[in-house]
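Since the structure comes first, as structure tokens, the remarks are kept for the end.
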Amino acid sequence: IVISIIICGLVVLGITSLLPNKVIVSRARELTISDSVFNYYVKDVAHWSDWMEDLKQLKKKNDTVFVIGTQTIQLVAEHTNSVIVTWTALEQPPFTVQIEKVPLKEGVSVIHWSFEQQLHWYPWEKLQSLLNEKIIGYKMEMDLEHLQEKLQQPILP
538 IVISIIICGL VVLGITSLLP NKVIVSRARE LTISDSVFNY YVKDVAHWSD
588 WMEDLKQLKK KNDTVFVIGT QTIQLVAEHT NSVIVTWTAL EQPPFTVQIE
638 KVPLKEGVSV IHWSFEQQLH WYPWEKLQSL LNEKIIGYKM EMDLEHLQEK
688 LQQPILP
């Protein structure tokens, strides 16, 4: 029995070693969005709760750190057309999250949103990462749809 457990463990380790150490989940959507609206809803993390369904209880800890339950979102960099944050959930490797606006034509841009995670060699992390595309990707699609709906409404002061 001990030999069987060791062999099964080695097989799982061998299979998971074939999976990549870096996982990227990304989504993009073409939107009619001005720079000022992009800055308001996307570059300002405090307004993510306006269009991200899971962030309704987002609390601002300071100018660069936000907390939602056991997750922390920390602003890393802000550029003219993008924002980069580190999104850390309890006992998981952090995600580097980037949302960028790529202009297509006058008033129309592609909003590209990506979650990038660097994994350890642990088999359970790599197996869990297989679900990221389905779980995180679906939420990203829904949130980009909410952003599009929000853009169709006027901004109230």
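Counted the way this note's numbering counts, the sequence shown spans residues 538 to 694.
Quick reminder that beta carbons are idealized off the backbone N, C-alpha and C, glycines included.
The C-beta distance from leucine 568 to glutamine 685 rounds to 6 Å, short enough to fall under 8 Å.
Runs of the alpha helix (DSSP H) lying entirely within the region 568–617 and spanning at least 4 residues, in chain order: 572–575.
Taking all protein chains shown into account, serine 646 has 16 or more neighbouring C-beta atoms within 10 Å of its C-beta and is therefore buried. Per DSSP, glutamate 662 is one residue of the alpha helix (DSSP H) stretching across 660–688. For isoleucine 648, the enclosing beta strand (DSSP E) begins and ends at 645–655. For the set Val549, His616, Ile543 and Thr607, the Cα lying nearest the Cα of asparagine 576 is the one of His616. Assignment of isoleucine 538 by DSSP, reduced to helix, strand and coil, places it in the coil class.
Under the Cβ criterion (8 Å, minimum of three pairs), the region 589–600 does not count as touching the region 616–626. In the assembly as shown, aspartate 600 is an exposed residue. Its beta-carbon has fewer than 16 other beta-carbons within 10 Å. For methionine 677, the closest alpha carbon among the candidates Trp588, Val549 and Val560 is that of Trp588. Assignment of beta-bridge partners to glutamine 635 by DSSP yields Ile621 and Ser651.
Taking a cut-off of 8 Å for Cβ pairs, the region 648–656 and the region 669–683 touch, as three or more such pairs fall below it.
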